[in-house]
Amino acid sequence: MELTVRIQRYDPEKDSAPHFENYKLENVNKTDRILDLLNRIKWEIDGGLTYRRSCTHGICGSDAVKINGRNRLACSVLVQDLKISKSTIQIEPIPALPLEKDLLVDMSSFFEKYEIVKPYLIPKDAPPERERYQTNEDAELLFESAKCIQCGSCSTSCPSLWVNENYIGPAAFLKAYRFIFDTRDDATAERLDLIDTTDGLWRCHTIFNCVEACPKEIDITWHISQLKKAALRREI
Amino acid sequence: MAYKQVSSRSGGALSWFLQRVTGIVLLFVMIGHYILMHYNIDSGHTYDAVLSRMQNPFYKGLQMTFVVLGIYHGVNGTWSVVRDFDLNKSVSWTIYALLVISGVVFGLVGITTLMSF
Chain A
164 MELTVRIQRY
174 DPEKDSAPHF
184 ENYKLENVNK
194 TDRILDLLNR
204 IKWEIDGGLT
214 YRRSCTHGIC
224 GSDAVKINGR
234 NRLACSVLVQ
244 DLKISKSTIQ
254 IEPIPALPLE
264 KDLLVDMSSF
274 FEKYEIVKPY
284 LIPKDAPPER
294 ERYQTNEDAE
304 LLFESAKCIQ
314 CGSCSTSCPS
324 LWVNENYIGP
334 AAFLKAYRFI
344 FDTRDDATAE
354 RLDLIDTTDG
364 LWRCHTIFNC
374 VEACPKEIDI
384 TWHISQLKKA
394 ALRREI
Chain B
358 MAYKQVSSRS
368 GGALSWFLQR
378 VTGIVLLFVM
388 IGHYILMHYN
398 IDSGHTYDAV
408 LSRMQNPFYK
418 GLQMTFVVLG
428 IYHGVNGTWS
438 VVRDFDLNKS
448 VSWTIYALLV
458 ISGVVFGLVG
468 ITTLMSF
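Protein chains in written order, with our numbering: chain A, 164 to 399; chain B, 358 to 474.
Written out as structure tokens, the structure is:
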């Protein structure tokens with residue numbers, strides 16, 4: 164099949180603002196990934212096209228882009244997965260982060276917010292001789308939140324972040340959940356203090372954009388609601 | 358872009374909780390209000406009918422609840438929306454003050470009106 168790929172381009176050294184360019188591709192298979200289309204354009208048409216990719220198998224989370232208006236991983240979406248009108252696929256960078264070039268955004272603030280919630284185990288006791296045990300039930304509480312690949316699709320799809328760049332965002336909340344509900348961790352109060360703030364938990368209005376955007380199908384809003392309940396429990 | 362953390366405790370938990378509680382209560386009070394006051398032909402809408410109904414402690418209590426919870430829910434909800442935006446402190450506090458003052462004024466008007474029956 165023949166497809167037109169409409170890509171947002173921006174070169175800070177040449178352009179005053181981003182613009183779209185169309186690329187016609189022939190012999191596109193329905194089972195081609197969107198990343199394959201980007202690679203073809205870069206390798207066959209315009210070597211200057213800039214985008215991130217690493218593992219190309221939905222694990223590293225580096226190739227999150229906006230495809231036909233929705234944040235998704237370019238390596239995890241096939242052409243046949245999309246509703247294509249007029250044989251055109253539109254690809255833009257994920258929103259709400261500073262644009263560097265073409266589909267490349269500056270993820271610094273995203274990862275700074277990650278660090279805010281102290282994304283590591285803080286136990287009170289000294290390490291035991293062997294591992295710190297957990298029951299299967301306790302571990303199951305964490306499994307879904309631990310699937311996060313830090314691609315940024317959720318946070319950048321959230322309207323609360325679009326209007327307030329200081330909003331901590333769903334990805335960091337999910338990481339906070341990962342440790343707050345870990346029975347081996349003892350820094351619950353400290354972490355809740357960090358997210359129970361003016362730019363924290365209460366800016367989430369359960370819009371569910373994060374859930375729709377998550378390529379790992381994590382119910383992020385549910386995890387945030389558990390954090391809200393935990394913050395509320397210590398108030399009343 | 359460097360991320361600046363504003364880590365002041367917001368006390369947002371309680372207002373988030375009360376917003377939900379008042380929302381649920383208001384839903385039932387509002388349905389009760391419409392059924393009892395507007396869609397029940399028997400309740401009557403003449404001056405005398407309204408006057409005698411409003412002297413009933415049950416109706417007065419229902420309307421009082423409606424006024425207080427409605428104003429709290431409205432003011433708290435608007436403040437929550439305002440806080441979504443990264444406004445500077447003076448603008449934010451001005452809006453907060455206006456919301457609180459208007460809430461108190463409308464609350465007093467509502468309560469004194471109800472008490473006059």
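For every residue, glycine included, the Cβ atom is placed at its ideal position computed from N, Cα and C.
Span of the beta strand (DSSP E), counted from its first residue to its last, around residue i
i: A227 of chain A; result: 227–230
i: Q253 of chain A; result: 251–256
i: N329 of chain A; result: Premise fails: N329 of chain A is in no beta strand (DSSP E) and is neither H nor E.
i: E263 of chain A; result: 262–264
i: N234 of chain A; result: 233–236
Cβ separation of residue i and residue j, assumed to be a contact under 8 Å, to the nearest whole Å
i: L337 of chain A; j: A393 of chain A; result: Actually they are not in contact, since the Cβ atoms of L337 of chain A and A393 of chain A sit about 14 Å apart, beyond 8 Å.
i: S225 of chain A; j: R216 of chain A; result: 6 Å
i: T470 of chain B; j: Y429 of chain B; result: About 18 Å; that fails the 8 Å criterion.
i: P258 of chain A; j: K229 of chain A; result: 7 Å
i: F273 of chain A; j: S318 of chain A; result: 6 Å
Element boundaries [alpha helix (DSSP H), containing residue i]
i: P333 of chain A; result: 333–343
i: N202 of chain A; result: 197–203
i: N413 of chain B; result: Unbroken run through N413 of chain B: none, as it is neither H nor E.
i: V374 of chain A; result: 372–376
i: G472 of chain B; result: In the sequence as presented, Gly is not what sits at residue 472 of chain B; that position holds Met. Start and end: 446–472.
i: L410 of chain A; result: Nothing can be reported for residue 410 of chain A, as the shown portion of chain A is limited to 164 through 399.
i: F273 of chain A; result: 271–279
i: S239 of chain A; result: Premise fails: S239 of chain A is in no alpha helix (DSSP H) and is neither H nor E.
i: C317 of chain A; result: 316–319
Straight-line Cα distance separating residue j from residue i
i: G389 of chain B; j: L245 of chain A; result: 47 Å
i: D301 of chain A; j: Y330 of chain A; result: 29 Å
i: S364 of chain B; j: H386 of chain A; result: At S364 of chain B the pLDDT is 46, less than 50, meaning the model places this residue with poor confidence; the figure from the coordinates comes in the next sentence. Roughly 21 Å separates the two Cα atoms.
i: E176 of chain A; j: D265 of chain A; result: 12 Å
i: K281 of chain A; j: H395 of chain B; result: 55 Å
i: Y214 of chain A; j: P378 of chain A; result: 18 Å
i: R341 of chain A; j: K417 of chain B; result: 49 Å
i: P291 of chain A; j: L364 of chain A; result: 34 Å
i: T346 of chain A; j: L390 of chain A; result: 15 Å
i: L212 of chain A; j: R172 of chain A; result: 8 Å
i: L357 of chain A; j: A334 of chain A; result: 14 Å
i: H368 of chain A; j: I468 of chain B; result: 32 Å
i: G434 of chain B; j: I452 of chain B; result: 13 Å
i: L375 of chain B; j: F442 of chain B; result: 21 Å
i: M358 of chain B; j: E275 of chain A; result: Annotation note: pLDDT 46 at M358 of chain B (below 50); position unreliable, coordinate value reported separately. Each residue's Cα considered, the two are about 10 Å apart.
i: I381 of chain B; j: P181 of chain A; result: 46 Å
i: S372 of chain B; j: G221 of chain A; result: 39 Å
i: L419 of chain B; j: E375 of chain A; result: 41 Å
i: V424 of chain B; j: S459 of chain B; result: 13 Å
i: T194 of chain A; j: C314 of chain A; result: 23 Å
For residue i, the residue or residues it bridges with in DSSP
i: L166 of chain A; result: A:L188
i: L416 of chain A; result: Because residue 416 of chain A is not part of the residues shown, which for chain A are 164 to 399, the question remains open.
i: F183 of chain A; result: A:Q171
i: S248 of chain A; result: A:T251
Beta carbons nearer than 8 Å to chain A: which residues of the stretch 439–454 of chain B have them? For the stretch 439–454 of chain B, the set of residues with a beta-carbon nearer than 8 Å to any beta-carbon of chain A comprises R440, D441, F442, D443, in chain order.
Could you name the residues of the stretch 318–334 of chain A whose beta carbon sits closer than 7 Å to any beta carbon of chain B, in the order they occur along the chain? Contact residues of the stretch 318–334 of chain A toward chain B are S323, V326, N327, E328, N329 (C-beta to C-beta distance below 7 Å).
Relative to chain B, which residues along the stretch 364–377 of chain A have a C-beta separation below 9 Å, given in chain order? Against chain B - using a Cβ distance shorter than 9 Å - the residues of the stretch 364–377 of chain A are L364, W365, R366, H368.
Residues of the stretch 406–437 of chain B with Cβ closer than 8 Å to any Cβ of chain A, in chain order: Of all residues in the stretch 406–437 of chain B, only S437 come within less than 8 Å of chain A when Cβ atoms are compared, listed by chain position.
Note down, in chain order, all residues in the stretch 369–386 of chain B with a beta-carbon under 7 Å from any beta-carbon belonging to chain A. Those residues of the stretch 369–386 of chain B that come within reach of chain A (Cβ to Cβ, closer than 7 Å) are G369, A370, L371, W373, F374.
Residues of the stretch 264–293 of chain A with Cβ closer than 8 Å to any Cβ of chain B, in chain order: Hits within the stretch, in order: D269, S271, S272, E275, K276, I279.
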